[in-house]
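The end of the sequence shown is residue 176 by my numbering, with every number in the run present. For glycine and all other residues, C-beta sits at the position ideal for the given N, C-alpha and C. Worksheet: the structure to be examined is printed underneath.
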Amino acid sequence: MEVLNPEVLISEEEIALRILDLGNAITKDFNGEDIVVICVLKGAFMFCSDLIKKIHLPVNLEFVSVSSYGDGMTSSGNVSMDLDLSVSIKDKNVLIVEDIVDTGLTIKTLKEYLNLREPKSLKLASLLFKPSRNKHPVDIDYLGFEIEDKFVIGYGLDYAGRYRELPYIGVLNAGN
Ligand code: IMP
Ligand code: MG
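Below, the structure is given as structure tokens:
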């Protein structure tokens with residue numbers, strides 16, 4: 001039985017428009033060069049899938065899985081790499097695609113890890129950013145939306161493994 005009803009924070013239409021802008025900016029910035037897009041599972045799968053359709057460059061798609069959250073709404077403070085790259089990124093243009101930068105720990109750790117592999121360039125696209133919670137400053141080269149300190153779900157993001165399939169970004173309100 002569902003006790004939490006999602007309320008729409010960012011609609012499907014708003015997301016699509018923003019992704020079009022981000023795709024255009026990425027296409028322009030890389031100026032015809034090849035890029036390796038690294039989708040950070042599981043949360044970024046939907047964003048990444050829509051974003052790469054708007055990037056008009058030769059794209060090589062990779063997946064990594066990094067966990068910093070348990071089953072709840074607070075970070076465990078630990079980061080572990082559960083799925084690693086399947087190709088070398090040495091001397092390649094790399095674009096990390098993430099769902100949300102919250103404390104920044106996950107992305108800071110991932111960036112350090114990827115930098116050890118000596119890419120030609122390393123950029124970050126994140127759909128969401130919660131500035132009020134940020135502890136580890138990271139440059140977000142392509143940002144979808146800045147949001148308030150609310151726990152969001154949908155469009156790839158989960159709460160205890162649920163709600164990833166929603167086509168919009170929502171907020172959970174207990175009990176209505
Ligand atoms: P960070 O390491 O604190 O920046 O946390 C980043 C990760 O925590 C994200 O990649 C998400 O998987 C998860 N996360 C942080 N905030 C939220 C949220 O509001 N909803 C769902 N997942 C979140
Ligand atoms: Mg994530």
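The nearest non-hydrogen atom of ligand 1 is less than 8 Å from the C-beta of Val79. In this structure, ligand 1 has no non-hydrogen atom nearer than 8 Å to the beta-carbon of Tyr142. Shortest Cα-Cα distance from Gly32 to any of Asp21, Ser68, Ser121 and Leu57 involves Leu57. Not a single unbroken stretch of the alpha helix (DSSP H) spanning 4 or more residues falls wholly within the stretch 72-107. Looking at the DSSP output, Gly170 bridges to Val8 and Ile153. The stretch 152-172 makes no contact with the stretch 20-39, as fewer than three CB pairs between them are under 8 Å.
When the alpha-carbon of Lys123 is set against those of Tyr142, Val66 and Asp50, the nearest one is in Tyr142.
Counting every other CB atom within 10 Å of its CB across the protein chains shown gives Ser86 a total below 16, marking it as exposed.
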